[in-house]
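Notes for the one structure printed next.
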Amino acid sequence: MNDTDLFQRQDPDDPDSPLKYAQPNPGDPGKLLDFAYPTEPLDGIAVGCHLQAVCKQHGVEETQDLTTATFVHRGDLEAGNINLTGTARILTQTQEGFANNTQYIALTDGFLCGSVTDGNRLWIQVTPANPRTGGRAGMPSTWHILVADADSEGAYNRNLTIPIGKHSTLAFGLPDPQTYSLTWHPVGIGNLTDNPADSVEAPLRAPTAAHADEAAGAHWPEDRPVEDFYPANLTVQAGDITDLHWHGPENSEGSPFGYALTYNVSSGPYSRTVRLDNDQIRACGTSDPGNEKLAYFTVPTEPLNGIGVGYHLRATYKPDGDTPAFMDLTTASVILDGDLQAGHLRITGSSRMLHTGRTPLVQGTDYTAPTDGFLFGSVAGGTLCVKITPPGTYGPVPPEGFTITSASAEDLHGRDNQNFTLPIRKASKVTFATTGDAELQYKLSWHPLGPEDLAR
């Protein structure tokens, strides 16, 4: 058949045949096609792609299989069971400055932490999400009221922490701003919003339309293959580097051949893309002693993190005046003990993230939280005061003070009769002190999201 018939041919039994995404290969238009097949919208952590080519001749069928992968930047993770052996960073921000007579919507799960002083009163109304947004039918609103003692002398002596479900609605009754503290700690990223439109999930992007035909240009020389693109280490320990190798045309200055290398690096709370151009790669080539037209390339990566890293190599051939021809190769490394960074986290099985600190906490000691977690405190027969200095990048942040006092100093009997639970963000500073007589009893325990104790 001629080139036009080959390009336009459709399988009558498959109207969505991949052939409609093909165009004749400029180098051998009679036998080869170039395909550019658009995916559906991608999500998750990584997507593996498998291609099977089938050849049927004279009743004999042969197949060839090729695989590649795409790693999704900040995609959503849906997991069965999660067992956390490192640290967690999910309390990523805080929000304050709420208004009376305003309804707020929680864009993610989180914790609301409040305290009040000087005989004042603070109330919070929480209405769970309705079933259409993941809530349970018939769940009523709940009211939480804090009333401070009139003789508290400026100390916050009534505190609470409330777990809030995603899409819940909240309203507040707030006293004078100098007499209370109210802070939202989202699990992930998502402030409380007073705009209902913000709570609607963003729609999936529309599928990309089929590519437009490209003008025919240069075809790749058969004696200049690009091949054997692979990492020196398929598995890489988090924070380590590896070398990327391939064999292809030399790319000395003035050569019509060139390369561009791209891969993602996960560092800190954000991922970024590393791009190396032809000038940077040129210094990494060594001449092939068996063929002066080819070279061996060894390119070291930056330190790697995450779950996996996908590498993309594009080779370009551009003779003078011609439209360039391209060859694309991909490979990947799997990261051991790497940090997971996902857009949304949904657990459909069990989770093992909350641990208990093993080292007793000492009064007057400055501690630093190595991971997100929760601080539980209780007291009988005295006062327990905890000060938390959240991490800040724009100068010192005033500490948050939380104090609990035994409701009855005479009602000891070994009972802890006042308590609090406080969400603590990674890198926060924590210190505490107690006051009371010899029969004072208190408990303060650290429950990290991960196995790390508070560090001195």
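Counting along the sequence shown from 1, when you hit position 282 you're at 299 in this note's numbering, and nothing is skipped either side. Using N, Cα and C, we set each Cβ at its ideal position, and we do this for glycine too.
Best match in the options for proximity to residue i [C-alpha to C-alpha]
i: H90; options: L457, G271, G327, T119; result: G327
i: G182; options: L209, S198, L199, Q195; result: L209
i: L461; options: I405, T406, L401; result: L401
i: P341; options: A39, Y38, G44; result: G44
i: A312; options: L330, T303, E319; result: T303
i: G265; options: W160, R175, G275, D93; result: G275
i: P249; options: A332, T85, A105, A349; result: A small correction: the amino acid at residue 249 is Ala; Pro does not occupy that position in the sequence shown. It is A349.
i: F449; options: G394, G61, L371, P408; result: G394
i: Q435; options: T420, I441, S445; result: T420
i: E267; options: C66, P320, E309; result: E309
i: W463; options: S198, A105, P440, S185; result: P440
i: H184; options: A235, W237, G127, W140; result: G127
i: A63; options: A332, G323, H372; result: G323
i: T87; options: E244, T347, R369; result: T347
i: L12; options: I364, T196, W140, P145; result: In the structure displayed, the chain extends from 18 to 473; residue 12 sits before or after that span and is not available.
i: F391; options: V379, K443, A96, V351; result: K443
Beta-carbon contacts of residue i that lie in its chain and below 8 Å, excluding the five residues immediately before and after
i: L353; result: T252, V253, Q254, A255
i: R138; result: I162, L163, V164, A165, G190, P192
Buried or exposed by the 16-neighbour rule on C-beta atoms within 10 Å, applied to residue i
i: I162; result: exposed
i: V133; result: buried
i: S367; result: exposed
i: V403; result: buried
i: E469; result: buried
i: G355; result: buried
i: S445; result: buried
Helix, strand or coil at residue i according to DSSP, with G and I counted as helix
i: K37; result: helix
i: I298; result: helix
i: P317; result: strand
i: P192; result: coil
i: D12; result: The question about residue 12 has no answer, for the chain in this structure spans 18 to 473.
i: G205; result: strand
i: Y54; result: coil
i: Q358; result: coil
Same chain only: Cβ atoms within 7 Å of residue i, ignoring 5 sequence neighbours per side
i: P416; result: K404, I405, T406
i: S198; result: G131, S132, Y173, E417
i: G453; result: G398, G399, T400
i: N295; result: N268, G275, Y276, A277
Nonlocal neighbours in the same chain, by C-beta distance under 6 Å from residue i, ignoring five residues either side
i: Y121; result: L187, L209, D211
i: T318; result: I258, T259
i: L362; result: L94
i: L429; result: Only weak support is given to the placement of L429: the predicted model assigns it a pLDDT of 48, under 50, and the value that follows is read from those uncertain coordinates. The answer, listed in chain order, is A397, G398, E456.
Residue i - partner residues in DSSP beta bridges
i: A450; result: C402
i: I122; result: T186, T210
i: D305; result: N308
i: A96; result: I364
i: R289; result: V282
i: R106; result: Paired residue(s): none; R106 is not in a bridge.
i: R369; result: N100
i: R175; result: V133
Proximity test, Cβ basis, 8 Å: residue i and chain B
i: A277; result: Absent from the structure: chain B. Only one protein chain is present.
Check: residue i C-beta below 7 Å from any heavy atom of the ligand MN
i: L362; result: As for the ligand MN, it is missing from this structure, which has no ligand bound.
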